[in-house]
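K.L.:
Residue numbers (the numbering used here), protein chains in the order written: chain A, 1 to 748; chain B, 1001 to 1485; chain C, 2001 to 2239.
Here you go, one structure.
Right under this line is the structure:
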């Protein structure tokens, strides 16, 4: 074979190959499959307005229902609280409705309390058992712990409790808004101030994780969007001061790391600097000069340098922040758990409210408003609606919950009703709720799922899911407007189930303690009848049925918001007096060998743990740590290196009150002397998804010290952290190195 | 023929001719034992086929059980889903694809040895042709299985073939995977044909020398297609062999280029480079040649074919191996030099990760280049079957690791840093990969029992062509008989 | 001014685009759960989540810069960018992923044979593969959206810009004898977003919200150097 021959033959072969493949090239290669955009014929379905009950914010939702099945939760765009948005927990409501572990029959305890031996019984049995025990309860020997104090079931049971001669009603849930009530009770501003973030030009969050939990993450999320880019001419700035970079803090333009317990002093430092600026620039002209002088004298000690020493924020940053607030009005300061849940919590809240008042005054001077004005008649209406519900204000305080548990522990209580609440899980172990319940003669629990508290109940009643229920809610949170939510069934309940509130009504009337209401639906109708005339927007010409329809179609009733520049000091109101402008140094539980500050917090997907059994929320990565399916202990990277701790090393965190074990997570967003543990995990009994998963941060908490006006000082606890030597896989969506490369690669 | 002295003269004359031939640079068939008679050659070549020892049965049984286990694992994977592997987001390709590319690479053994050497008339190719061509065909069979193994819905894989259907659906010919399918099918067809055509004279020998009553006689008779050794048949045979050799030679680089385009045509950072085409082809030939050497050494040793497959064959093959090693190392260096100079942050991240996580594999792979070039430059290494076995096994390990290191590191550390992760093969994946290798060896072992493993016809031809004498620019073919023993 | 689009013809009535305002996104993750509810995305469980097999079509990528206390965080909602020049389309051997006339990159689930080349070729790593048949335990299957198929093991899936909602919007518009107006269609993620960070609409309509947002200074697309021409525009955060 020589070259020439090779090339000749090779060329022929190649040419043959090419020729074969040429010819009729397909003009268009059309996939003759039916592509989705022609093949889908979407179903329309119905949308029903109701309210979401996954937390007590009271967002209005529309639920898409197809063939009698609830498919999807969407927000009601007209609702003033959520403005059409729904949070992750709200979306998971449909998982709750169709959960395989939903309790469908009443259960009775068999065996000792705490063993969890429950057997199914009929509704008749359950109702008669409850009725018997209602009858036998004497004066002041019954109590109710309710997850929410503002809905129809609470209203019904409050009335029954009253008939039983007791007022031991406690609303559980530690995102209580009592801190605001307490703080503002002496300043004359609205009892529960509304922080109008949407219209603000600068917002300073003091440890206030408003996008994650607390009062209304969806509302504040909406407000944040408005503040940032809702206005074509200005972009609002967000500042966050606190001991941890939370999800909320992550959206801030500036983050200030502040030592635990010193946010009140920080607020006074800012206020002092603002007063200083005000003097230089001749602001605050409408205030009596003596008053201003008095204040300057009272807080003069909080110079930037002094503030810096107390709070660890550099002095120039304090000055700069004060200037920013003055220059970008209206400015709002929102206090959060890092302000309130300390030994100096109450003083700190007052200090923050003082700062807010000054900022409101500065804004008013410029003709800007930072607080919506509730017409007087609305305030009155709000009070009246609350009164209809009938749960006393004091029930909504933490002290009420403590009190009730304390009473139960004495063994004096003969009847306890636990409504959509899990006190055995969601209170500090130091309160010994489980022990207390053991000492109660008869405990009835109303719930959708068997949980930690069910272990201590005598009878467990399954309630209808809120998507199957008739109810209503007077929303207890200051969104600036009174809101009345109607809750209607969007799907039919399964046969054999019953509204627990109705069952309790039956039991009460059997016991001779009837409250004269047929059922929850009727009660809502009664509210319509009573308040209709005050609810502008429902045309007077409609008959009862039409009005009812109109109400349900709207999803409830709410007032309109007005903004008006107002003088910060209403005539004749009491300003905070100078002697109240004092914030003491914080004290902490735990001696010198407890070397870390503990930062227990709620995550946006777990909340207080009442949704831990939902797989969507377990699988959803927590936004800052990106962990799913389990809890963790956050530890600063430098500290971790020093201790030889890597991701996944099991750590034992021990406080003066208890201890937990959880895998370590190296997290850059906390200080070197702080560790953070999330709430919502560590259930002892709550279904497949939540039982024995993670650690219950509540085990680390206790009530130290007392005297904070009844508020628990849960951020004032110190812990020791030790390695246990074992490891556990921690499930993180983010790659630990990659999460630092994204801003460069994506050019953000 | 002739007296002893005549023979002696002839032999001496032949020796002179040989030397002269060598002086003119013509390979004068010194690699064929001219003194071996046809009978002895036949007997030696057919002994592996007709005489089966117990050892063979044990060996083949062991391999079949590995294969059976792999098939069971595959069945488990089909039943449960691809999740039984360790693949994840975003590592969608893993050990299966690496193994696939490796086996396609090994299939270049036959191409190189058989086609190229045939076409340049390198006489030393003669005894090893069969072994190499068989390797090609069987490794392609193994390679062809891996796309089926790695596909998520095997029961729908026929969507990828251009089968007529009433929806007028056609595969996407823009996809490198569609090209893969075509290329491998063509290559498999061509190399099987090549193997079969080359086998014809040898099947005839086996048929003629088959012991009476042996179970093989039936299929040998059928498959020999009535070969009688006539002049006309030899002429057709020669022509067909050459055409097929050219055809296969042209297909083979295109096949591996197309397989390399599975990577180069994507926009994945480390993959998107134009050198992949030639780089893969060179790597394939490298690994193929090493594979041939390994197999030949083992065949020699097991079947005592030392004087048929002589040391000189191994030595020459190892010279080819040295050449391929140099070229491969050059391509590897080019690829990395260019990438390093470009300083693309994503690619730099992948490298950093690769050196951190796959440091051992990198050392084995790069160390192999150094070792091969270093050691094979020494004469004694090239002459030592033991050293050659060690080197060629290392080469193939390194080439497997090279495929793995192309596929896996970049997928675990892609553009999007949030999704960076890690990957290692699961037990199922390893079982199937090992089972595939066992399948290859098993096919080979069975082939040895069914067909002659030495290219008898070519060796005999080599004996006859004792010395081509160059006179001026012309080669005169010498058809003399060098003499009887 | 008509916004520029690469492959979709300029005179096509619709070209869908999604605009995400990173200044508004606070990382709450409601969109991810909403997408899961709307599109029948399976839950994989703890063990498979550890193996990085979570099926979510939309994820919030949280990036850090710096160290305590000077940390900058960016939340980046990442979903299929519906590239005009999609790298995942040419490499599928069976045409299971294709470009529809309105600029979307659509999946035909029952055509997919699971070679997973498309997943490899996506620079954003947004495609997901069904490693197993995950299933929906009764009665959770009552919640499944009838407009979206439930995927088999062995097929790829990804965000479709809620194709079913686009269809519904176009159906409604057709019934009423008009074109789709701005605001008629909103994918599940955008509808639930509390901060209104997500806007969706027709880029070829100069009056639409997305067309206006795309013209702003903050507009940004990811990995433009790959030449993929995504249909998802991000508005950069910060002053």
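Just so you know, even glycine gets a beta-carbon here, dropped at the ideal spot from N, CA and C.
Whole angstroms is fine: what's the gap from residue 188 of chain A's alpha carbon to residue 546 of chain A's?
P.N.:
Unreliable positioning characterises residue 188 of chain A in this predicted model, as indicated by a pLDDT of 48, which lies under 50. The coordinate reading is nonetheless provided below. Taking the straight line joining both Cα atoms gives about 41 Å.
K.L.:
Rounding to the nearest angstrom, what Cα-Cα distance links residue 2158 of chain C and residue 2109 of chain C in this structure?
P.N.:
10 Å
K.L.:
Provide the residue span of the beta strand (DSSP E) that contains residue 1082 of chain B, from first to last.
P.N.:
Per DSSP, residue 1082 of chain B belongs to no beta strand (DSSP E) and is neither H nor E.
K.L.:
Near residue 1159 of chain B, which residues of its chain fall below 8 Å by C-beta distance, leaving aside the five closest residues on each side in sequence?
P.N.:
1169, 1171
K.L.:
Using a threshold of 8 Å, state whether the C-beta atoms of residue 542 of chain A and residue 497 of chain A are closer than that.
P.N.:
no
K.L.:
Does residue 567 of chain A pass the burial test, meaning 16 or more other C-beta atoms within 10 Å, or should it be called exposed?
P.N.:
Low confidence applies to residue 567 of chain A: its pLDDT is 48, below 50, so where it sits in the model is not reliable enough to give any reading.
K.L.:
Residues in the segment 2209-2236 of chain C with C-beta within 7 Å of chain B's C-beta atoms, listed in sequence order?
P.N.:
Within the segment 2209-2236 of chain C, the qualifying residues are 2223, 2226.
K.L.:
Take every Cβ of the segment 1064-1078 of chain B, pair it with every Cβ of the segment 1397-1413 of chain B, and state whether three or more of those distances are shorter than 8 Å.
P.N.:
no
K.L.:
Here's a check: name, in chain order, each residue in its chain whose Cβ is nearer than 6 Å to the Cβ of residue 591 of chain A, leaving out the five neighbours to either side.
P.N.:
none
K.L.:
Taking Cβ to Cβ, would you say residue 317 of chain A is nearer than 8 Å to residue 273 of chain A?
P.N.:
no
K.L.:
Would the beta-carbon of residue 558 of chain A fall within 8 Å of that of residue 666 of chain A?
P.N.:
The answer is no: Cβ separation not under 8 Å.
K.L.:
When burial is assigned at 16 or more other CB atoms within 10 Å of the CB, is residue 380 of chain A buried or exposed?
P.N.:
Its Cβ having fewer than 16 others within 10 Å, residue 380 of chain A is exposed.
K.L.:
If contact is defined by three or more beta carbon pairs under 8 Å, each pair taking one atom from either stretch, is the segment 2010-2029 of chain C in contact with the segment 2202-2210 of chain C?
P.N.:
Taking 8 Å as the limit for Cβ pairs, the verdict is that the segment 2010-2029 of chain C does touch the segment 2202-2210 of chain C.
K.L.:
Can you pull out the residues from the segment 2153-2167 of chain C whose beta carbon lies closer than 7 Å to at least one beta carbon of chain B?
P.N.:
Of all residues in the segment 2153-2167 of chain C, the ones placed with a Cβ closer than 7 Å to any Cβ belonging to chain B are 2153, 2154, 2155, in chain order.
K.L.:
Checking contacts by CB at 8 Å: is residue 162 of chain A closer than that to chain B?
P.N.:
no
K.L.:
Work out the CA separation of residue 40 of chain A and residue 597 of chain A for me, nearest whole Å.
P.N.:
Their backbone Cα atoms lie some 55 Å apart in a straight line.
K.L.:
Taking three-plus beta-carbon pairs below 8 Å as touching, is the segment 1380-1393 of chain B in contact with the segment 1342-1356 of chain B?
P.N.:
no
K.L.:
Identify the continuous beta strand (DSSP E) that holds residue 681 of chain A and give its terminal residues.
P.N.:
Segment: none, residue 681 of chain A is in no beta strand (DSSP E) and carries neither H nor E.
K.L.:
With residue 117 of chain A and residue 110 of chain A assumed to form a contact (beta carbons below 8 Å), what rounded beta-carbon distance in angstroms separates them?
P.N.:
Confirmed, about 5 Å.
K.L.:
Would residue 2051 of chain C pass as an interface residue toward chain B - the criterion being a Cβ-Cβ separation below 8 Å?
P.N.:
yes
K.L.:
State yes or no: is the C-beta of residue 1063 of chain B within less than 8 Å of the C-beta of residue 1445 of chain B?
P.N.:
For the 8 Å CB-CB criterion, residue 1063 of chain B and residue 1445 of chain B form a contact.
K.L.:
Drop a sphere of 10 angstroms on the beta-carbon of residue 8 of chain A, count the other beta-carbons inside from all chains shown, and report buried for 16 or more, exposed for fewer.
P.N.:
Within 10 angstroms of the beta-carbon of residue 8 of chain A lie fewer than 16 other beta-carbons, which makes it exposed.
K.L.:
Helix, strand or coil for residue 62 of chain A per DSSP?
P.N.:
strand
K.L.:
Within a Cβ cutoff of 6 Å, which residues of the same chain sit near residue 585 of chain A, ignoring the five residues on either side of it in sequence?
P.N.:
Around residue 585 of chain A: no qualifying Cβ.
K.L.:
Report the start-end ranges of each alpha helix (DSSP H) in the segment 1108-1186 of chain B that is 4 residues or longer and not cut off at the edges.
P.N.:
Fully contained in the segment 1108-1186 of chain B are the following alpha helix (DSSP H) runs of length 4 or more, in chain order: 1129-1150.
K.L.:
May I ask you to verify whether the segment 299-313 of chain A touches the segment 272-286 of chain A, counting CB pairs closer than 8 Å and requiring at least 3?
P.N.:
Yes, they touch.
K.L.:
Taking only beta-carbon positions, decide if residue 98 of chain A is within less than 8 Å of chain C.
P.N.:
yes
K.L.:
With burial defined as no fewer than 16 other Cβ atoms inside 10 Å of the residue's Cβ, what is the status of residue 260 of chain A: buried or exposed?
P.N.:
buried
K.L.:
So if I threshold CB-CB distances at 7 Å, which residues from the segment 1358-1385 of chain B count as touching chain F?
P.N.:
Protein chains in the displayed structure are A, B and C, and chain F is not among them.
K.L.:
Cα separation between residue 1449 of chain B and residue 1049 of chain B?
P.N.:
4 Å
K.L.:
In the segment 2154-2224 of chain C, which residue ranges form an unbroken alpha helix (DSSP H) of at least 4 residues, counting only runs that do not cross its ends?
P.N.:
2163-2175, 2188-2192, 2209-2214
K.L.:
Of all Cβ atoms in chain C, is any one closer than 8 Å to the Cβ of residue 1132 of chain B?
P.N.:
no
K.L.:
For residue 1256 of chain B, I'd like the list of residues in its chain whose CB is within less than 7 Å of its CB, leaving aside the five on either flank, ordered along the chain.
P.N.:
1104, 1105, 1108, 1280, 1281, 1284
K.L.:
Since residue 155 of chain A and residue 390 of chain A should fall inside the 8 Å C-beta cutoff, what is the C-beta to C-beta distance between them, to a whole number of angstroms?
P.N.:
5 Å
K.L.:
Which parts of the segment 481-566 of chain A are runs of the beta strand (DSSP E), unbroken and 3 residues or longer, counting only runs that do not cross its ends?
P.N.:
Segments of the beta strand (DSSP E) lying fully in the segment 481-566 of chain A: 483-487, 556-558.
K.L.:
Below 7 Å between beta carbons is the criterion; list the residues of the segment 1231-1265 of chain B that meet it against any residue of chain A, in chain order.
P.N.:
Result list: 1242, 1243, 1246, 1247, 1250.
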